[in-house]
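J.: My questions will all concern the structure given below.
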Amino acid sequence: MSRRVTARASKKARGASSSAPPPPPSPPSSPPPPGDLPRPEWASRPLHKLTQFNLPFFQQDEDTTWAVEQLRLRQQLGICAVTAPTYPRLVRLFYQNLHETPTSVGLLSDIDGHVVHITSAMIAKVLEFFAKPEDQPFPEVEDRQPVSRLIQQYFPGAHGDPSFTCLRRSKLPSRLLLLDSVVHKNVLPLGHRAERRLEFVRVLHGYQLGYQVPLEDFILLHLQKFLREVVRPTPLQNLTWPLPFANLLTLVFELNHLPIAEDEEIDRGYPTFGQREWQHSISRIPQPVGAPVDEAQDPVHDHPAPPVPPVPPQGDPLYMTREEYLQLQHSVEQVHHTLRDHHQSLMELRTDFQAYRDYSQARFDQLHADNLAIQQQGQDNAFETRALMQALFAQHFPPPPPPPASP
Numbered sequence: 001m002s003r004r005v006t007a008r009a010s011k012k013a014r015g016a017s018s019s020a021p022p023p024p025p026s027p028p029s030s031p032p033p034p035g036d037l038p039r040p041e042w043a044s045r046p047l048h049k050l051t052q053f054n055l056p057f058f059q060q061d062e063d064t065t066w067a068v069e070q071l072r073l074r075q076q077l078g079i080c081a082v083t084a085p086t087y088p089r090l091v092r093l094f095y096q097n098l099h100e101t102p103t104s105v106g107l108l109s110d111i112d113g114h115v116v117h118i119t120s121a122m123i124a125k126v127l128e129f130f131a132k133p134e135d136q137p138f139p140e141v142e143d144r145q146p147v148s149r150l151i152q153q154y155f156p157g158a159h160g161d162p163s164f165t166c167l168r169r170s171k172l173p174s175r176l177l178l179l180d181s182v183v184h185k186n187v188l189p190l191g192h193r194a195e196r197r198l199e200f201v202r203v204l205h206g207y208q209l210g211y212q213v214p215l216e217d218f219i220l221l222h223l224q225k226f227l228r229e230v231v232r233p234t235p236l237q238n239l240t241w242p243l244p245f246a247n248l249l250t251l252v253f254e255l256n257h258l259p260i261a262e263d264e265e266i267d268r269g270y271p272t273f274g275q276r277e278w279q280h281s282i283s284r285i286p287q288p289v290g291a292p293v294d295e296a297q298d299p300v301h302d303h304p305a306p307p308v309p310p311v312p313p314q315g316d317p318l319y320m321t322r323e324e325y326l327q328l329q330h331s332v333e334q335v336h337h338t339l340r341d342h343h344q345s346l347m348e349l350r351t352d353f354q355a356y357r358d359y360s361q362a363r364f365d366q367l368h369a370d371n372l373a374i375q376q377q378g379q380d381n382a383f384e385t386r387a388l389m390q391a392l393f394a395q396h397f398p399p400p401p402p403p404p405a406s407p
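18 is the number that the UniProt record's numbering gives to position 18 of the sequence shown; each next residue is one higher, with no gaps.
In structure tokens, the structure reads:
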């Protein structure tokens, strides 16, 4: 699946107009007409591209094998392997002119005088979401319960608010974490970063309970949401939202036979998500990875995944198994406990030292007061002794009589 998409994308990188005959050349006397330019409010809008996931790694990691198998059984691995280039000007024109009509299915846009049509069937085709009906082991969801009921019934303890309107990633079962990343990056990229609401809950519920999950329909719903909340409002709202599915639109342009000039601005980059990004993602969860898995809700299928040879870590210094990660987490917790014990002992020692210092200060003040009292008493005694000695001296040694008066 991924090799076919990659090979097809490499052909697009050399020129996406190969599938359609080029337009007739202009007469030599006049220059070729320039293409339309996006309006200023659209020309600076950032672009969002589908992320390529490292499927060989995720097929071997014990926390993600179940998620990859769910995508494989539903023929949806193409959502993880889009490497098509991006044409920034065409993407901005596509969203600037995006509209819908009551008589057409899907959405329409005008680019350089050409009509571009996008439907969920087109999205499924370019992503190679193909499955024969007899090979489809997943039933359709018949009971469209409210999101709050789904969260209470199928995601106990994972709600993010008292009203049960959203899920928290940190409280999801561990086997849903990779699917959560895929949906957040490649299906519903405009969702809240910390909360999973509405369509997000329905997608995770479909994978969790073993139902069909039409990702192409959710992508089209996301485009309709973008049209409703960004394109239609006047003045333009949500200017910080990036233009979604930029490299996916390249495949849609090709399917619509949109002529692309050889000198058209092209961006061949795309984000990737592999072992390092996965380890960073799960390390941000403030508890052991995921919640306990209810085996009774794990659908059993008759289509086991073909054995894949193990992939060595290639000497990555950040590679670690789940057991090593949990052991490291346990060691960190022990260090935290030890630090807390030392801190408690230090606080007790500080309290004792403060009490001893207060006692010593009080004792010193008392001794100083006693010393002053003794000094004062000594001075008083010395004064009394001197007065007594003078009295005794005067008593025993009276002064001589005055000399007689002369005649």
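From the three backbone atoms N, C-alpha and C, an ideal C-beta is built for every residue, glycine too.
#1: Can you confirm whether the segment 216 to 228 touches the segment 121 to 129 when touching is taken to mean that 3 or more C-beta pairs between the two stretches lie within less than 8 Å?
#2: Excluding the five sequence neighbours on either side, which residues of its own chain have a C-beta within less than 7 Å of the C-beta of Asp267, listed in chain order?
#3: Any idea what DSSP makes of Gln379, helix, strand or coil?
#4: With a threshold of 7 Å on Cβ separation, who are the neighbours of Leu47 within its own chain once the five nearest residues in sequence on each side are excluded?
#5: My parser needs the alpha helix (DSSP H) runs of 4 or more residues fully inside the segment 48 to 82; what are they?
#6: Whole angstroms are fine: how far does the CA of Asp365 sit from the CA of Gln390?
#7: For Pro400 and Leu388, I'd like the C-alpha separation in whole angstroms.
#8: Determine, using beta-carbon pairs with one atom in the segment 200 to 212 and one in the segment 220 to 228, whether at least three such pairs fall under 8 Å.
#9: Can you tell me whether Tyr95 is buried or exposed, with buried defined as 16 or more other CB within 10 angstroms of its CB?
#10: Measure how close the beta-carbons of Phe58 and Leu177 come, nearest whole angstrom, since I'm counting them as under 8 Å.
#11: Under 9 Å between the Cβ atoms of Gly78 and Phe138?
#12: Helix or strand or just coil, what does DSSP make of Asp110?
#13: Please look up how many angstroms separate the CB atoms of Leu108 and Glu100, rounded, as I've assumed it's under 8 Å.
#14: Do Gln76 and Leu127 have their CB atoms nearer than 9 Å?
#15: Indicate whether Thr272 and Thr51 have their beta-carbon atoms separated by less than 9 Å.
#16: Could you name the residues that DSSP lists as bridge partners for Val126?
#17: Beta-carbon separation of Leu227 and Leu98 under 9 Å?
#18: Can you give me the Cβ contacts of Thr64 inside the same chain, cut-off strictly under 7 Å, excluding the 5 residues immediately before and after it?
#19: On the criterion of 16 or more Cβ atoms from any shown chain inside 10 Å, does Glu254 qualify as buried, or is it exposed?
#20: What do you reckon, are the CB atoms on Val182 and Ala67 nearer than 9 Å?
#21: Taking the alpha-carbon positions, what's the Asp36 to Leu258 distance?
#22: Which stretch, first to last residue, makes up the beta strand (DSSP E) that contains Arg168?
#23: In terms of alpha-carbon separation, which member of Phe393, Pro398, Gly274 and Gln377 lies closest to Leu55?
#24: I want to see whether chain C comes within less than 9 Å of Asn247, judged by CB atoms only; does it?
#25: Look at the alpha carbon of Glu277 and the alpha carbon of Ser360, and state the distance between them as a whole number of angstroms.
#26: What residues in its chain sit with their C-beta under 7 Å from that of Pro28, if we drop five residues either side in the sequence?
#27: Provide the residue span of the alpha helix (DSSP H) that contains Leu204, from first to last.
#28: Just grab the DSSP bridge partners of Ile118 for me.
#29: For Ala81, does the count of other Cβ atoms within 10 angstroms reach 16, so buried, or fall short, so exposed?
#30: Taking 9 Å as the cut-off, decide whether the C-beta atoms of Leu248 and Phe200 are in contact.
#31: With distances taken from CA atoms, which of Ser331, Lys185, Ser283 and Leu328 is nearest Ser174?
#32: With which residues is Leu243 paired in a DSSP beta bridge?
#33: Among all the DSSP beta bridges, which residues are the ones paired with His99?
T.: Quick look at the numbers:
#1: Judged by Cβ distances under 8 Å, the segment 121 to 129 makes contact with the segment 216 to 228, as three or more pairs qualify.
#2: Excluding residues up to 5 positions away in sequence, Pro85, Thr86 and Pro88 lie with their Cβ nearer than 7 Å to the Cβ of Asp267 in the same chain.
#3: Residue state, collapsed to three classes: helix.
#4: Answer for Leu47: Thr86, Pro88, Val91, Pro242, Leu243 and Ala246, listed in chain order.
#5: Counting only runs of 4 or more, we get 55 to 58 and 65 to 73.
#6: Taking the straight line joining both Cα atoms gives about 38 Å.
#7: Taken atom to atom, the span from the alpha-carbon of Pro400 to that of Leu388 is near 21 Å.
#8: Verdict: no, contact absent.
#9: The C-beta of Tyr95 has 16 or more other C-beta atoms within 10 Å across all chains shown, which makes the residue buried.
#10: No, Phe58 and Leu177 are not in contact; Cβ-Cβ is about 11 Å, not under 8 Å.
#11: No, the Cβ-Cβ distance between Gly78 and Phe138 is not below 9 Å.
#12: Looking at Asp110 - three-state DSSP - the assignment turns out to be strand.
#13: Contact between Leu108 and Glu100 is confirmed by a C-beta separation of about 7 Å, below the 8 Å threshold.
#14: Taking 9 Å as the Cβ cut-off, Gln76 and Leu127 qualify as a contacting pair.
#15: Using a Cβ distance threshold of 9 Å, Thr272 and Thr51 count as a contacting pair.
#16: According to DSSP, which records beta bridges pairwise, Val126 is partnered with nothing at all.
#17: Contact check for Leu227 against Leu98 passes: the beta carbons are separated by less than 9 Å.
#18: Result list for Thr64: Phe58 and Leu178, in chain order.
#19: Here Glu254 is buried: its Cβ has 16 or more other Cβ atoms, across all protein chains shown, within 10 Å.
#20: For the 9 Å CB-CB criterion, Val182 and Ala67 form a contact.
#21: When rounded, the distance between both Cα atoms is 14 Å.
#22: Taken as a continuous stretch (DSSP letters only), the beta strand (DSSP E) holding Arg168 covers Cys166 to Arg168.
#23: For the set Phe393, Pro398, Gly274 and Gln377, the Cα lying nearest the Cα of Leu55 is the one of Gly274.
#24: Absent from the structure: chain C. Only one protein chain is present.
#25: Straight-line Cα distance between these residues: approximately 59 Å.
#26: Below a pLDDT of 50, predicted positions are generally treated as unreliable, and Pro28, at 40, falls in that range; the measurement from the model is reported next regardless. If we look at Pro28 and ignore the five residues flanking it on each side, it has no Cβ neighbours.
#27: Counting along the chain, the unbroken alpha helix (DSSP H) around Leu204 starts and ends at Glu199 to Leu209.
#28: Bridge partners of Ile118: Leu107.
#29: When all chains shown are included, Ala81 counts as buried.
#30: No. Outside cutoff.
#31: Considering only alpha carbons, the answer is Ser283.
#32: DSSP lists Leu47 as partners of Leu243.
#33: Here His99 is bridged, per DSSP, to Leu108.
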